[in-house]
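Below is the structure:
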C-alpha cells in the first residue's frame, strides 16, 4: 500500500480520483491548493503526488519545483494533471520535475495505471552505473 | 422620534441578520448536498461493476444537483468512466431534455443544450447541431460548432468551413478549434475544402492539414501554393508545409521566396524553409538577407540557422563583413545563443 497525495482545487476531480485510487488499495490524502499541498507533502512524505497545474496560491508547476528542491521528497513521484496540452506546456511540466503528465479530459482508470507504474518505478532500486572502461575505445 | 428611528434600525438589523442566517444555512445545505453527491458518484465510478440504478433514481433538489455534477464531470473525464456518466444522463432523461432544449426559444437554453450534446457526443443530435450553425444568436452558433467538434463526424467539416463566410458567420478561432478535435478522420473533407470553398475556408483547411504531420497532404498543399489566387491561402499552405517539414516541397518554397512575391509570402516561405532545414537553400537565403523588407531579411538570417552547422558557419562569416547582412547575421546568432547575461552588480 502506498501513500498518494492529491492536490487539486476542483472538488469534483479531487473526490473522483481519490476514490479511484483508494479502490486500488492506496492511502489517499487531498489538499486544495499548492501551499497546503507542499505542507502536507513535508508531513506525509507521499510516494506519489497528483498535482493540478492551475491552482490558487501556488501553481502545480511551482509545487513540482519545490518538491524537487527538497531532499526528503526526492523519491516522491510527481504526476501533473492539467488542461494544458500544448507541446511547450508538456516540456515545461517535465522541466519543473514532473515524472508524468496527464492532460484533461483524462481517463481516471488510466491515471490509476500511471500511478501504479510510477510506484513500481519508485520502488525499483536504481541500477548501478557501468564501470568506466580503463582505456578509451578505438 | 429617536425611539422610532432606533426601533426601525433595530428591526432592519434584525431582519438583515435573519436573512443572512437563512442564506448561510441554505448555502451550507447546498454545499453538503454537493459533497454527498460527489462522494456517491465518485464511489459509484470507482466500483466498476456497480449498478447505476440508485444514482439514476434520485429526484428533486438532489436530482437537479446530480445532473449538474454529472454534466460538469462529463467535460473533465474520458474513457469508460465518461461512457458510464453518459449512460446515467440518458437514464435520467437529461440528454432527451437537451435535445428538446436545442429547440427552445431561449438562446441560453439552446447554447447549454449544444454544450451538453457535444460533451455527451450524442450522434443523434448531429443534424440538429448542423441546423444550429445558422442560429440567429452568435453564442448559440459558436456552441453548436464546439459541440460538432465533440461529435467528430466528418459530415460536419464542410458545414463548419462554410460558416466562415456565411451571413451568420462564426469566428475563425472557434471553427479552427472545433475542426482540430476531429483528428485524422477529417483529412479527406479538409482536402476537398482546400479546393471547393471560399478563400477563408481554404486558408483554415490548409492550416489544419499542416498540423497532422501527414505526408500524403503535401501535394495538395504544394498545389495551393503554386496555383491559388488568394494570398491568404498561399501563406497558410506555405506555413503548413513548414510544419510538416517534408523536403519534397523545397523547390516550391524556393519559387515563392523570389522578389516577385509579396514580402508576407516570402517571409512565410523563408520561415518554412528554415523549419524544414534544407542546406541547399543557403545561397538563396543569403540573397534574401539583402532584401529591402526587414521581415524578409530577418527571417532569412534565422532560417540559415535551420540549415544546420553550414548555415551557422556562413552566418559567422557574414557577421564579419560589416555590411547590412552582417547586422541580420549578428541578430540571428545572438537569438540562437539566447539572451546576453547581465553583468553582476557590485
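Chains as they are written, first to last, in my numbering: chain A, 3 to 140; chain B, 774 to 1119.
Glycine included, every Cβ here is placed at the ideal spot set by N, Cα and C.
Residues of chain B with a Cβ closer than 7 Å to the Cβ of residue 13 (chain A) are, in chain order, 811. Contact with chain B is found for residue 25 (chain A), since one of that chain's Cβ atoms lies less than 8 Å from the residue's Cβ. Rounded to the nearest angstrom, the Cβ distance from residue 842 (chain B) to residue 811 (chain B) is 6 Å, consistent with a contact under 8 Å. Interface residue (Cβ-Cβ distance to chain A less than 8 Å): residue 952 (chain B) is not classified as such.
Among the residues of the stretch 825-856 of chain B, those with a Cβ less than 9 Å away from any Cβ of chain A are 842, 845, 846, 847, 848, 849, 850, 851, 852, 853, 854 and 855, in the order of the chain.
Pairing residue 22 (chain A) with residue 109 (chain A), the inter-Cα distance amounts to about 11 Å.
Residue pairing by DSSP places residue 96 (chain A) in no beta bridge whatsoever. Look at the stretch 88-110 of chain A: the residues with a C-beta under 7 Å from a C-beta of chain B are 106, 107, 108, 109 and 110. For residue 86 (chain A), there are no neighbours in chain B by C-beta distance under 7 Å, as the nearest C-beta there is about 14 Å away.
Its Cα nearest to that of residue 1013 (chain B), the residue B:990 stands out among B:1000, B:792, B:1029 and B:990. Residue range 79-84 is occupied by the beta strand (DSSP E) that includes residue 82 (chain A).
Between residue 30 (chain A) and residue 69 (chain A), the beta carbon gap of about 18 Å keeps them out of contact (Cβ cut-off 8 Å). Nearest to residue 808 (chain B) by alpha-carbon distance, out of A:41, A:91, A:18 and A:61, is A:18. DSSP places residue 905 (chain B) in the uninterrupted alpha helix (DSSP H) bounded by 899-905.
From the beta-carbon of residue 820 (chain B), the residues of chain A found nearer than 8 Å are 25. The contact set of residue 17 (chain A) on chain B, defined by CB atoms closer than 7 Å, consists of 811, 812 and 815 in chain order. Shown here, residue 32 (chain A) sits in a strand according to DSSP, grouped into three states.
Within the DSSP secondary-structure output, residue 7 (chain A) pairs in a beta bridge with A:31 and A:51. Annotation: residue 102 (chain A) is outside any alpha helix (DSSP H); the continuous beta strand (DSSP E) that includes it extends over 102-105. The beta-bridge partner set that DSSP reports for residue 850 (chain B) consists of A:108. One thing to note: residue 905 (chain B) has its Cβ no nearer than 8 Å to the Cβ of residue 893 (chain B). Residue 21 (chain A) has a beta carbon lying within less than 8 Å of a beta carbon in chain B. If only uninterrupted alpha helix (DSSP H) runs of at least 4 residues are considered, those enclosed by the stretch 915-989 of chain B are 929-935, 945-953, 960-968 and 972-982. Setting aside the 5 residues that flank it on each side, residue 67 (chain A) is surrounded in the same chain by 98 and 99, each with a C-beta closer than 7 Å to its C-beta; the list follows chain order.
Linking residue 910 (chain B) to residue 882 (chain B) through their CA atoms gives a straight-line distance of about 12 Å. Beta-carbon to beta-carbon, residue 60 (chain A) and residue 91 (chain A) are separated by about 18 Å, too far to satisfy the 8 Å threshold. Neighbours of residue 44 (chain A) across chain B, judged by C-beta separation under 8 Å, do not exist; the nearest C-beta is about 27 Å away. Following the DSSP letters along the chain, one finds residue 896 (chain B) in no alpha helix (DSSP H), marked with neither H nor E.
Contact annotation, residue 977 (chain B) with residue 955 (chain B): C-beta distance approximately 12 Å; criterion of less than 8 Å not satisfied.
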